[in-house]
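In our numbering, each number is its position in the sequence shown, counted from 1, plus 150. Positions of the beta carbon are idealized from the N, C-alpha and C atoms, including for glycine.
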Amino acid sequence: MSARNRGPPLPVKGGAHVGLPQPPLQESPFARGLGGMPHPSLFKEMRESHYSLGGGPRQPPSHSAIIKEHLAAQHDEIQALLVDNQRFAATHVALRQELEVAQYELQRDDNFARSFHAEKELQMREFYEKSVKTEHELHAVNAMRAELMQVHMDIKELTALRQDLTAQVQMMTQDLSRITSDLQKIPAIKAEIEGLRREMEQTRAAIEHEKKAFAESFEHGKVMENKLISMAREMEKLRAELANAEKRAHAAAAAAVGNPGVSYNANYGNPELGYQGNPYSGSYSVMPSNSLHQASSLLYCLAAPLSFSVVSKAMKSLGSRSTFAPTSTEGYPQYGTGPGAWGSYDSQRAQGPYDAQRAQPPR
151 MSARNRGPPL PVKGGAHVGL PQPPLQESPF ARGLGGMPHP SLFKEMRESH
201 YSLGGGPRQP PSHSAIIKEH LAAQHDEIQA LLVDNQRFAA THVALRQELE
251 VAQYELQRDD NFARSFHAEK ELQMREFYEK SVKTEHELHA VNAMRAELMQ
301 VHMDIKELTA LRQDLTAQVQ MMTQDLSRIT SDLQKIPAIK AEIEGLRREM
351 EQTRAAIEHE KKAFAESFEH GKVMENKLIS MAREMEKLRA ELANAEKRAH
401 AAAAAAVGNP GVSYNANYGN PELGYQGNPY SGSYSVMPSN SLHQASSLLY
451 CLAAPLSFSV VSKAMKSLGS RSTFAPTSTE GYPQYGTGPG AWGSYDSQRA
501 QGPYDAQRAQ PPR
């Protein structure tokens, strides 16, 4: 071990470390060689062999010789101890140097390990930062991809919206052209509206005139209705008088039948009986009937401007109150209370020149 690494330590790559103690360059005098001082027993053997060379029995040494020998032996032992001490000191120095070299190497290795660890840590930190940055860039790329897809969708929507707006603009252009053409027709439409307004004014004036005429006709109809009512009353009186005359005629006929000497008139159709003829003319029943017919005709002529309902009610009241019945129906017109007499005549009169709608009162 004492022979290892006796030279100066090799410099570390990059220069010597600052602050580290350099090993001493001086070597111990006992560091190299075949060994140290011989053992004291060897000295004793050498002395015994030296004294035994003379031959013969040995003489006991003297006291001074013994002391000298003893001192020489102590001196030799002291020298041996000194040599051992020097050797141990040299070994200690060598070991101390080796320890310093080992400590230096350990410190250098530790510094190198620390620097290497720091470099590795720095590289790992750089790699981590690069990975984080790459991850952020990847997320940003994904976000940019999603944003790009959204932009594409927005472009499609805007394209569709532009097409829709283009179609709307075309429709509005067509509407504008149509409205322009309609605006050119406004003067003709205004003239037509003015003509319609004039016609409406004329129609309104005609309606007002018709209302006035209808009011006058309505008043005239009221007067005629009153006249018809009075005439109906007079006809009732005439019918009552005719009924009384008929009763008197029947009474006279019954009195004539009771007299056998009196011959009857041929009007009764019995030649065997000699009744006297009817003192009243055979047209007694016809005359009232003709008078009634003339009165009815007069009533319709007078009631022509009146309403159809008023005339119908008046004639129905006259027909329901009539009690006259002729004895014979030959040669007489069919006037009376039948359903077809007055009704048919009324319907014919309703279809005449008088309009029933004009008979309604003004609103």
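Around the beta-carbon of Met374, 16 or more other beta-carbon atoms lie within 10 Å, marking it buried.
By the Cβ neighbour-count rule, Glu396 is buried, with 16 or more other Cβ atoms within 10 Å of its own. The C-alpha of Leu272 is placed about 12 angstroms away from the C-alpha of Lys280. Annotation for Ser265: the continuous alpha helix (DSSP H) segment containing it runs 213 to 334. Looking at the backbone, the Cα of His242 and that of Leu231 are separated by about 15 angstroms. One alpha carbon belongs to Glu342, the other to Leu333, and they sit about 15 angstroms apart.
In the assembly as shown, Gly371 is a buried residue. Its beta-carbon has 16 or more other beta-carbons within 10 Å. Distance between Leu378 and Glu384, taken at the CA atoms: about 10 angstroms.
Separation of Glu351 and Lys361 (C-alpha to C-alpha, rounded to the nearest whole angstrom) is 15 angstroms.
In summary, Arg264 is exposed, with fewer than 16 beta-carbon neighbours lying within 10 Å of its beta-carbon over all protein chains present.
With a 10 Å radius around the Cβ and a threshold of 16 neighbouring Cβ atoms, Gln320 comes out exposed.
Looking at the backbone, the Cα of His213 and that of Gln229 are separated by about 23 angstroms.
Straight through space, the alpha carbons of Ile357 and Thr323 are spaced by roughly 47 angstroms.
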